[in-house]
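> Each residue of the sequence shown is one higher than the one before, starting from 289 at the first, in the working numbering.
No residue lacks a Cβ here, since even glycine has one placed at the ideal position from N, Cα and C.
Computed from a prediction, not measured in an experiment: that's the story for all the values here.
Structure provided below as structure tokens; questions to follow.
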Amino acid sequence: MRKGMTETDMKPADVAITASASTGLTGLRRTSQGRFEQLTEVLGRVHRALHGIGGDFDRLTRLVDEVGAARGGTGALRDACSSLAELLGAAHAAISVPDLSHAIVDGLDAVETLRRECRQLNAIASMTRVTGYSLDIDAIEDYIVTLRGMIERLSSTTMAVQEGLVSIGTAVRQATGQLGTAASCARMAMDAQRQERTVPEMEAVCGSAGTLAEQLRGSTQSNTAVLMTGIQFSDAFAQRLDHIETILQAADAEPPAAALAAAQISALAADASEMLAATQVALEQLGTIGQAAADSLTGDTGAQAAQLLAGWRAELDDGHQIERLVAPALEGAMAAVENIDTVIADARGNLETLSSTALEVSLATVNAGLLARRSGSAKSAMDVLSTTVRERADACNELHHRCRSSFGRIDSHTQQADFSQLSAEAGQLSTLIARADADLALASEMFARLEAMQQAARQSAATLQHAVDDGLQLLASLPELIAEIEAHVPKGADAVLAPEDAAMLVPFQSLYTMDREREIHAGLVGETLRSATAAPVAEPQTLDDIFF
289 MRKGMTETDM
299 KPADVAITAS
309 ASTGLTGLRR
319 TSQGRFEQLT
329 EVLGRVHRAL
339 HGIGGDFDRL
349 TRLVDEVGAA
359 RGGTGALRDA
369 CSSLAELLGA
379 AHAAISVPDL
389 SHAIVDGLDA
399 VETLRRECRQ
409 LNAIASMTRV
419 TGYSLDIDAI
429 EDYIVTLRGM
439 IERLSSTTMA
449 VQEGLVSIGT
459 AVRQATGQLG
469 TAASCARMAM
479 DAQRQERTVP
489 EMEAVCGSAG
499 TLAEQLRGST
509 QSNTAVLMTG
519 IQFSDAFAQR
529 LDHIETILQA
539 ADAEPPAAAL
549 AAAQISALAA
559 DASEMLAATQ
569 VALEQLGTIG
579 QAAADSLTGD
589 TGAQAAQLLA
599 GWRAELDDGH
609 QIERLVAPAL
619 EGAMAAVENI
629 DTVIADARGN
639 LETLSSTALE
649 VSLATVNAGL
659 LARRSGSAKS
669 AMDVLSTTVR
679 ERADACNELH
689 HRCRSSFGRI
699 DSHTQQADFS
709 QLSAEAGQLS
719 TLIARADADL
729 ALASEMFARL
739 EAMQQAARQS
749 AATLQHAVDD
759 GLQLLASLPE
769 LIAEIEAHVP
779 KGADAVLAPE
789 DAAMLVPFQS
799 LYTMDREREI
809 HAGLVGETLR
819 SATAAPVAEP
829 QTLDDIFF
């Protein structure tokens, strides 16, 4: 009450105004309570949508890390493919050199000459037998039987060596063709691998996702306080209006209460306007950064992650292509090489037999010489025959050396082809391909996870945008409501009260549940707000505490 004014001086109109204000606020309190409850629900939806998008980014970062760990084996696969391609080329070059073919031809030529020598030895043996019988030389039959046995062994061994050389020639041609095909396929596959692929580096994908996640996290954290204030204010708004309504009801009996109601209404309207402005800015910022994050997850960053996975799958497919193209040819080449090794191993024994048999034939001529001395006048004829046998045996021994040389050259070239290393590399590639099969399944599963993340991000972005739109629309309707509340400020209420009027307001302090109300009351009566007894400090509440 103004100084010098009594209760009887209070105009009837003023009393009517306070009474109608109290009555009007009841409806506004219910309306505002419903609006602010809607605002709380909308802010909760915004927070949940942001929480979902942030979770999608965290999962994307983990997914990229998993891809990086899994792709470590892909490098080994690519290296194995490259190494195998080089070995195939080297093996093909080693086995297709002209000298290898020349060695086989030289060996076959020597064998053919050996066969002619064997036929000549058989002819000489027949002549020796006829001569021996005509001259009635003792023991000639035993000599001829022994000589023919040696010649037969020499001939059969020569045939075995010839068959071995023919087999080697066939195997070499087969291996050359198969290795050529395998090497060509490997080169084509490696050329396909070397084609430029615009696969982003993992660091770039992780960095992009991490930067956006950090921006989203920072924006959410910086605006969380605003959202928290909005939610808490929404809870407090109806209470403060209820308290103001009670004060207005008392204004009929205690006119200074009108001034208190006016101060509380003005402060409430100012606080609400400030909160609404801050909440609007926060919603707009969160909507922008949330939409940008979702766009990135479904756009650039998501696309980069998809490219990363696609590049990895392409590398695995390249390895499969090499195996599919190379394996059959390599299998045929290895079979041919094994045949060559087997023939060369058998040839060593046959060559030893050739050498020893040729020596035996040569030594057998000693017996022919002994028989010749018994032949008297036929001695010269027997000497000629035994000399011819010895010459043919020496020729066979010389041809044996030519065959041995040919086999040595063949063995040298096949060793240079390093088929054992080639076989080991092929085995390693098969092992890596088997691992790649599991990796391909993992990559497919990761693709599914990425698609699920992107779909979730789209849904979260849509939810966020709808919540932000709803929030902004709701905020746009609240200033009018606040203006209606502010219109209920009692007319003619004092801004500052006299001490005796201020004393009449002391009972209203028991109404207050918020420091802001106490602060307005203290300002009106010209007092300093006293600090309440310190209560135990609780853990600060977060939006997650409220919504989850």
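Which term fits residue 734, buried or exposed, when burial requires 16 or more other beta carbons within 10 angstroms of its beta carbon?
Reading the sequence shown from its first residue, position 446 is the one you call residue 734. Counting Cβ neighbours within 10 Å, residue 734 comes out buried, since at least 16 surround it.
> Going by the beta-carbon positions, is the gap between residue 463 and residue 625 smaller than 8 Å?
Along the sequence shown, one-based indexing puts residue 463 at 175. Along the sequence shown, one-based indexing puts residue 625 at 337. It is a contact, given that the beta carbons lie within the stated cut-off.
> Output needed for residue 687: all residues of its chain with C-beta closer than 6 Å, excluding positions within five of it in sequence on either side, in chain order.
Within the sequence shown, the letter at position 399 stands for residue 687. Closer than 6 Å at Cβ, skipping near neighbours: 398, 401, 402.
> Please list, in chain order, all residues of the same chain as residue 484 whose beta carbon is under 8 Å from its beta carbon, the five residues on each side excluded.
Working through the sequence shown from its first residue, we reach residue 484 at position 196. Unreliable positioning characterises residue 484 in this predicted model, as indicated by a pLDDT of 48, which lies under 50. The coordinate reading is nonetheless provided below. Cβ neighbours of residue 484 beyond the five flanking positions: none.
> Have a look at 340, 630, 714 and flag the residue whose alpha-carbon is nearest the alpha-carbon of residue 451.
The residue you call residue 451 lines up with position 163 of the sequence shown. The option with the nearest alpha carbon to residue 451 is 630.
> Out of curiosity, what's the CA-to-CA distance linking residue 714 and residue 611?
Translated into positions along the sequence shown, residue 714 becomes position 426. Translated into positions along the sequence shown, residue 611 becomes position 323. Straight-line Cα distance between these residues: approximately 9 Å.
> Could you please give the first and the last residue of the uninterrupted alpha helix (DSSP H) stretch that includes residue 735?
What you label residue 735 is simply residue 447 of the sequence shown in a count that begins at 1. It spans 707-774 - the alpha helix (DSSP H) in which residue 735 sits, taken as one unbroken run.
> Output yes or no for whether 8 Å exceeds the beta carbon distance between residue 673 and residue 438.
By 1-based counting over the sequence shown, the position of residue 673 is 385. By 1-based counting over the sequence shown, the position of residue 438 is 150. No, these two residues do not count as a Cβ contact at 8 Å.
> In chain order, what residues of the same chain have a beta carbon less than 8 Å from the beta carbon of residue 530, not counting five sequence neighbours either side?
Residue 530 sits at position 242 when you count from the first residue of the sequence shown. Excluding residues within five positions, the ones whose Cβ falls inside 8 Å are 317.
> CA-CA distance, residue 396 and residue 431?
Start at 1 with the first residue of the sequence shown, and residue 396 comes out as number 108. Start at 1 with the first residue of the sequence shown, and residue 431 comes out as number 143. The straight-line gap from Cα to Cα measures roughly 31 Å.
> At what residues does the alpha helix (DSSP H) containing residue 409 begin and finish?
Counted from its first residue, the sequence shown places residue 409 at position 121. 386-422 is the extent of the alpha helix (DSSP H) around residue 409.
> Short check: CB of residue 379 to CB of residue 710, under 8 Å?
Here residue 379 is taken as the residue at index 91 of the sequence shown, counted from 1. Here residue 710 is taken as the residue at index 422 of the sequence shown, counted from 1. In this structure, residue 710 lies closer than 8 Å to residue 379 by Cβ.
> Is the segment 748-758 touching the segment 367-375 in the sense that three or more CB pairs, one from each, lie closer than 8 Å?
no
> I'd like to check one pair, residue 357 with residue 720: are the Cβ atoms closer than 8 Å?
Within the sequence shown, residue 720 is the residue found at index 432, counting from 1. Within the sequence shown, residue 357 is the residue found at index 69, counting from 1. Going by beta carbons, residue 720 and residue 357 fall outside the 8 Å limit.
> Considering only the alpha carbon of each residue, which of 346, 679, 407, 670 lies closest to residue 424?
As a first step, residue 424 must be located in the sequence shown, where it is residue number 136. The shortest C-alpha to C-alpha distance from residue 424 to any of 346, 679, 407, 670 is the one to 670.
> Just to confirm before moving on: does the CB-CB distance between residue 728 and residue 574 stay below 8 Å?
Reading the sequence shown from its first residue, position 440 is the one you call residue 728. Reading the sequence shown from its first residue, position 286 is the one you call residue 574. Taking 8 Å as the Cβ cut-off, residue 728 and residue 574 do not qualify as a contacting pair.
> Taking contact to mean at least 3 C-beta pairs separated by less than 8 Å, is the segment 533-548 in contact with the segment 613-622?
no
> What would DSSP say about residue 814, mapped onto helix, strand or coil?
Start at 1 with the first residue of the sequence shown, and residue 814 comes out as number 526. Residue state, collapsed to three classes: coil.
> Beta carbon of residue 420, beta carbon of residue 412: below 8 Å?
By one-based count along the sequence shown, residue 420 stands at place 132. By one-based count along the sequence shown, residue 412 stands at place 124. No, the pair does not count as a contact, with Cβ atoms beyond the cut-off.
> Among 765, 772, 504, 680, which residue has its Cα nearest to the Cα of residue 242?
Missing from the structure shown is residue 242; the chain here goes from 289 to 836 and no further.
> If residue 409 and residue 654 are in contact, beta carbons under 8 Å, what's the gap, nearest whole angstrom?
Taking the sequence shown and counting its residues from 1, one reaches residue 409 at position 121. Taking the sequence shown and counting its residues from 1, one reaches residue 654 at position 366. 16 Å between Cβ atoms; not a contact.
> So residue 778 and residue 565 are in contact, right, with Cβ under 8 Å, and what is the actual spacing, rounded?
For the purposes of this step, residue 778 is taken as the residue at position 490 of the sequence shown. For the purposes of this step, residue 565 is taken as the residue at position 277 of the sequence shown. Contact between residue 778 and residue 565 does not hold, since the beta-carbon distance rounds to 26 Å and is not under 8 Å.
> Buried or exposed for residue 689, going by 16 or more other Cβ atoms inside 10 Å?
Counting from one through the sequence shown, the residue named residue 689 turns up at place 401. By the 10 Å Cβ count, residue 689 comes out exposed.
> The alpha helix (DSSP H) that contains residue 791, what's its start and end?
On the sequence shown, residue 791 is found 503 positions in, with the first residue counted as 1. Counting along the chain, the alpha helix (DSSP H) containing residue 791 begins and ends at 787-792.
> With three or more beta-carbon pairs closer than 8 Å as the criterion, would you say the segment 787-803 touches the segment 765-773?
no
> If residue 632 and residue 388 are in contact, beta carbons under 8 Å, what's the gap, nearest whole angstrom?
Counting from one through the sequence shown, the residue named residue 632 turns up at place 344. Counting from one through the sequence shown, the residue named residue 388 turns up at place 100. No, residue 632 and residue 388 are not in contact; Cβ-Cβ is about 12 Å, not under 8 Å.
> At the level of alpha carbons, what is the spacing between residue 554 and residue 744?
Here residue 554 refers to the residue found at position 266 when the sequence shown is read from its first residue. Here residue 744 refers to the residue found at position 456 when the sequence shown is read from its first residue. Straight-line Cα distance between these residues: approximately 45 Å.
> Using the three-state DSSP reduction, which class does residue 532 fall into: helix, strand or coil?
Locating residue 532 in the sequence shown gives position 244, where the first residue counts as 1. Residue 532: helix per DSSP, three-state reduction.
> Using alpha carbons as the reference points, say which of 609, 681, 621, 677 lies closest to residue 644.
Sequence index remark: in the sequence shown, residue 644 carries index 356 (1-based). With distances taken between Cα atoms, residue 644 lies closest to 681.
> My output table needs one value for residue 802: the three-state DSSP class, helix, strand or coil.
Position 514 of the sequence shown, counting from 1, holds the residue named residue 802. Note: residue 802 maps to coil in three-state DSSP.
> Among 766, 327, 340, 618, which residue has its Cα nearest to the Cα of residue 517?
The residue you call residue 517 lines up with position 229 of the sequence shown. The candidate whose alpha carbon is nearest that of residue 517 is 327.
> Cβ of residue 604 within 8 Å of Cβ of residue 724?
Against the sequence shown, residue 604 aligns to sequence position 316. Against the sequence shown, residue 724 aligns to sequence position 436. Yes, the pair counts as a contact, with Cβ atoms nearer than the cut-off.
> Of all the options 556, 700, 475, which has the alpha carbon lying nearest to the alpha carbon of residue 524?
Position 236 of the sequence shown, counting from 1, holds the residue named residue 524. Checked all of 556, 700, 475; the closest Cα to residue 524 is 556.
> Using a Cβ-Cβ cutoff of less than 8 Å, which residues in the same chain neighbour residue 447 once the five nearest sequence positions on both sides are dropped?
Here residue 447 is taken as the residue at index 159 of the sequence shown, counted from 1. The answer, listed in chain order, is 403.
> Check whether the Cβ atoms of residue 405 and residue 684 sit closer than 8 Å, and answer yes or no.
Working through the sequence shown from its first residue, we reach residue 405 at position 117. Working through the sequence shown from its first residue, we reach residue 684 at position 396. Closer than 8 Å, so yes.
> Sort 355, 607, 315, 323 by Cα distance to residue 766 and report the nearest one.
Here residue 766 corresponds to residue number 478 of the sequence shown, with the count starting at 1. Answer by Cα proximity: 323.
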